[in-house]
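In my numbering, the protein residues as written are 131 to 850.
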């Protein structure tokens, strides 16, 4: 029989959709709503009482602006400290300094807070709690100062304003005047302590620079002496030197280079003169400028020209041998000889001038070559001189820079400018800042909600009962056939009323069963539960009734031969019934008709000594087979599973088992153990019915209004 049934789908017990999870949480909230309301209300009341009993506190606020300060105390210009651009580190340091205990001690000593009980009373300290008050011994004073510092640290709040250089200094106490005094004094002492650190840094810097300047002065003098000494040893005489903007010295002219330059110019001129003299010496003297411009030659040539003219004139009249003609001819010869001698003299002077020019050129060239060698030697020596000079220049730069910085910090140390200013001084607060009634109530409410959540979670974990019909899938791993509302003990009349919620619930279950097998509604069904009182007998009766109303012939068998109950619903006894048949007696009149349409009942019969022994025989299977010849469906009400063998024995001989679970009563572990027993005998499980569901305790409705049967049928149909 069981082989005709469809396999029950296995449900992953760890699978929850988000909707199911949220629904379960909401149902838990609704179920424990009174506990939650009580815890939240209690927390709110406690918060209200505590708030009203708290002493009022007053918060005073002063505001300061902190500008980025330069820490370039000993650095030279252009060499600022590497952290100057790190504003985050700078302001984080300022916040830490504002909270420093050393600043707290300055405030305590400046205001004399450790010497007056008023300060301690403003923080809820009674005279009996003060250390040695009013004793004024040094040890006691130190102890009270430490106590006052601790109170200041506890009640101080440093709040930087994001995106600005402003910082709020807030102080809270029970006395508004003390809060304002401390907030203002805190700002003043912060400025004073900052200036003290700056002055200390300036004094230290001056000492450092004085020592460093003395060292650099000595190094500068030594390096400059090295330059001069080396130049003297190498014969390097500098005529002209310049410095670039960075203080480096460049030698432009030395004596050797100046002499070489002058000799080169003289050599060039001598070479030109030698070339000109050579040209004149090698040229013709007759038409040379010296000859043409020589006055003696000019006079001689004039006289010869005159004699030649007279001679030509005389020849026209006389013969060449004429005495006068011969005299003129002799005069002309004399003049020509004189001119020739004068020209020869000039030509000799030109050669002499060439010789002198050549010698002068050669002398100058020799001097230039010798001076070049000297200059080359000096240039080789200038490499080391430049090293000495660079060392001297570097020392001078450092010395000048530190000297300038020394003068600057000397001026800055006398100015005393602070990078911190007070923007707003603290005013005496007119209204308390705490306690905040609305905030405390809100926090108490949140605490109550958190406590309620923890309590509900703990109770849900402790409670192993299956409260929601939807938990059947996850807790038992079987399909949900339906659920039945909580009510009075079910009667035949109520079950027979088609308009009752009970009848509607079982009709929905009957519809779900129609999808449990391949041939529709199972013909043989066993109904069982974990323990007594969960409603399995009522479920058997109700299910048999609604099936019979559809025109089917239904036999309801009371298989609980240990504690039979079905006969009470029909107003009969159980003198004859199932136990008689199992003992081998004929059927005859064992089956009784009921007043319900299509429904017959077979009571348990006399209680046998060993019901399990009777059920373990083949007789029960034969009885079921014989009844199936006359009935369309057989429903067997069995004993509970745990502790008894009856239900597993019956379950393996029918098509399947319906498992009844009492809402909020059946233990998950017990139900799982019972189902494992049924599984061990290969009994097929159609699904579970959750009985006695109190819908008023659930946030998610399981009512029987429009669409109920459709929804449950579809759900089980999909599972099947």
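All residues carry an ideal CB built from backbone N, CA and C; glycine is no exception. What you are looking at is a predicted structure, and each value in this text was computed from that prediction instead of being measured.
Query, Result
"Secondary structure of residue 650, DSSP reduced to three states", "strand"
"C-alpha distance - residue 808 paired with residue 820, whole-angstrom precision", "18 Å"
"C-alpha gap between residue 177 and residue 581, whole angstroms", "14 Å"
"Exposed unless 16 or more other CB atoms sit within 10 angstroms - verdict on residue 900", "Shown here, the chain extends from 131 to 850; a query on residue 900 therefore has no answer."
"Distance, residue 298 Cα to residue 148 Cα", "47 Å"
"Paired residues, beta bridge with residue 684 - DSSP", "729, 763"
"Residue 699 - containing alpha helix (DSSP H), residue span", "696-699"
"Sufficient close CB pairs (3 or more, under 8 Å) joining the stretch 771-780 to the stretch 633-650", "no"
"For residue 328, the three-state DSSP class (helix, strand or coil)", "helix"
"Alpha carbon of residue 459 to alpha carbon of residue 438, nearest angstrom", "8 Å"
"Spatial distance of residue 192 from residue 558 (CA atoms)", "11 Å"
"Residue 829 in three-state terms, based on DSSP", "Residue confidence is low: residue 829 scores 48 on pLDDT, short of 50, so the model does not pin down where it sits. Its coordinate-derived value is still stated next. In this structure, residue 829 counts as coil in the three-state DSSP scheme."
"Residue 780, buried or exposed, once every other Cβ within 10 Å from all chains shown has been counted against 16", "buried"
"Per DSSP, cross-strand counterpart(s) of residue 271", "Paired residues: none, contrary to the question."
"Residue 222 versus residue 195: straight-line alpha-carbon distance, rounded", "14 Å"
"Beta bridge counterpart(s) of residue 193 as assigned by DSSP", "298, 554"
"Endpoints, the alpha helix (DSSP H) within which residue 606 is located", "601-606"
"Exposure of residue 175, with buried meaning 16 or more beta-carbon neighbours within 10 Å", "exposed"
"Identity of the residues DSSP links to residue 821 by a beta bridge", "792"
"The stretch 391-400 touching the stretch 480-491, judged by at least three CB pairs closer than 8 Å", "yes"
"Nearest-angstrom Cα separation, counted from residue 571 out to residue 788", "52 Å"
"Residue closest to residue 519, alpha-carbon to alpha-carbon, out of 722, 556, 248, 355", "355"
"Proximity below 9 Å, CB of residue 243 to CB of residue 237", "yes"
"Buried or exposed by the 16-neighbour rule on C-beta atoms within 10 Å, applied to residue 300", "buried"
"Span of the alpha helix (DSSP H) around residue 748", "Careful: residue 748 lies outside any alpha helix (DSSP H) and carries neither H nor E."
"Residue from 162, 804, 600 whose Cα sits closest to the Cα of residue 662", "804"
"Residue 288, DSSP secondary structure in three states", "strand"
"Neighbourhood of residue 650 by C-beta distance below 6 Å, restricted to the same chain and skipping five residues each side", "644"
"Inter-residue spacing [alpha-carbon to alpha-carbon] between residue 632 and residue 777", "25 Å"
"Distance CB(residue 697)-CB(residue 731) smaller than 9 Å", "yes"
"DSSP bridge partner residues for residue 722 (one or two, in chain order)", "731"
"Exposed unless 16 or more other CB atoms sit within 10 angstroms - verdict on residue 699", "buried"
"Distance CB(residue 815)-CB(residue 608) smaller than 9 Å", "yes"
"Per-residue burial, residue 312 [other beta carbons within 10 Å of its own, 16 or more giving buried]", "buried"
"Residue 348, DSSP secondary structure in three states", "helix"
"Alpha-carbon to alpha-carbon, residue 336 and residue 202", "Residue confidence for residue 202 is low, a pLDDT of 49 falling below 50, so the modelled location carries little weight; the figure read from the coordinates is stated next. Near 13 Å, if we compare the C-alpha coordinates of residue 336 and residue 202."
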